[in-house]
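Heads up, the thing below is written out as structure tokens.
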């Protein structure tokens with residue numbers, strides 16, 4: 001049976017962008033949830049940049065390329081040979097997730113952390129015990145960044161379960177299971193590579209309601225915790241400022257200045273009973289009177305000033 005379209009209907013269809021939909025690979029995440037996951041992992045990328053910059057002591061820049069949903073089998077097919085895969089769990093989420101370092105990223109990290117210049121030297125042999133120890137530390141610290149990036153949505157406790165180099169040993173989801181792939185571009189010195197996260201739908205299902213933009217933005221505007229207020233006050237109390245008490249000012253010629261000697265008197269522009277101007281970080285804030293305290297010169301604040309002039313120490 002042929003569809004009965006009028007010329008007008010046919011023209012309308014031709015002008016629309018029609019996308020093929022594969023019901024075997026149903027999309028399980030909304031665009032709103034994808035955008036929220038992108039924001040979370042943009043923060044994750046910034047945290048990784050700070051961590052790796054400190055550890056590798058070289059230029060590191062990690063950015064989020066894209067966040068997409070694909071079938072699990074598609075993720076397995078795109079894993080490069082010699083990639084290093086860290087399988088981890090993050091309570092209270094149930095199920096396993098994967099963090100993947102491409103060969104370029106993994107081997108330049110090995111070289112830098114073991115005292116080299118960051119050369120990418122891939123070998124056909126298996127990882128040594130030292131390299132396994134190093135990559136374990138890298139994954140654990142990276143999972144700490146992962147936890148911190150997700151705190152705006154849920155408190156996670158991430159734990160590395162195993163390290164694999166063969167994707168065939170990653171039966172953590174069925175082939176057609178929808179997974180989120182977070183693609184990060186990593187630049188370490190002159191080397192570029194990828195870091196990927198594979199987050200199955202079944203694992204994220206528990207937090208899907210919290211991945212809406214409305215819920216995520218609301219969580220960003222939560223009230224400041226009492227501990228944060230105390231930490232802020234503690235830092236403010238330890239802040240140091242330059243304070244200068246100015247009795248008065250005088251202008252002299254260079255010749256007279258060079259001829260000054262002990263016992264000379266300079267006449268200031270203020271009278272003896274005029275208040276002392278007190279400057280905080282070169283800006284006049286208070287009026288004061290001079291005196292002594294415990295045998296040392298001091299000033300006592302007598303009043304406040306509005307927006308005053310700046311004091312030029314030079």
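Residue numbers (full-length UniProt numbering): 1 to 314. No residue lacks a Cβ here, since even glycine has one placed at the ideal position from N, Cα and C. Note that the coordinates shown come from a computational prediction; the quantities given were computed from them, not determined experimentally.
Pull up the CB-CB distance for residue i and residue j, whole angstroms please, since I reckon it's below 8 angstroms.
| i | j | result |
| --- | --- | --- |
| residue 173 | residue 72 | 4 angstroms |
| residue 91 | residue 157 | 5 angstroms |
| residue 106 | residue 84 | 5 angstroms |
| residue 59 | residue 189 | 6 angstroms |
| residue 179 | residue 208 | About 14 angstroms separates the two Cβ atoms, so there is no contact after all. |
| residue 31 | residue 187 | Contact doesn't hold; Cβ gap of about 29 angstroms is too wide. |
| residue 193 | residue 104 | 3 angstroms |
Considering Cα atoms alone, identify which of the options is closest to residue i.
| i | options | result |
| --- | --- | --- |
| residue 283 | 246, 231, 155 and 145 | 246 |
| residue 242 | 28, 114 and 285 | 285 |
| residue 138 | 153, 151, 232 and 195 | 195 |
| residue 64 | 34, 266 and 57 | 34 |
| residue 168 | 256, 227 and 77 | 77 |
| residue 101 | 151, 270, 182 and 236 | 182 |
| residue 266 | 30, 275 and 256 | 256 |
| residue 145 | 227, 128, 46 and 228 | 46 |
| residue 303 | 293, 191 and 274 | 274 |
Run through DSSP, which three-state label would residue i get?
| i | result |
| --- | --- |
| residue 223 | Because residue 223 sits at a pLDDT of 47, beneath the cut-off of 50, its placement in the model cannot be relied upon, and the following sentence gives the value as read from the coordinates. Residue 223: coil per DSSP, three-state reduction. |
| residue 147 | helix |
| residue 52 | helix |
| residue 279 | strand |
| residue 163 | strand |
| residue 179 | strand |
| residue 292 | strand |
| residue 245 | strand |
| residue 233 | helix |
| residue 63 | strand |
| residue 96 | coil |
| residue 129 | helix |
| residue 78 | coil |
| residue 36 | helix |
| residue 299 | strand |
| residue 257 | helix |
| residue 139 | helix |
Assuming contact is defined by CB atoms lying nearer than 8 angstroms, are residue i and residue j in contact in what I supplied?
| i | j | result |
| --- | --- | --- |
| residue 165 | residue 82 | yes |
| residue 93 | residue 201 | no |
| residue 262 | residue 278 | no |
| residue 48 | residue 67 | no |
| residue 98 | residue 170 | yes |
| residue 160 | residue 86 | yes |
| residue 134 | residue 210 | no |
| residue 184 | residue 109 | no |
| residue 163 | residue 140 | no |
| residue 290 | residue 280 | no |
| residue 111 | residue 117 | yes |
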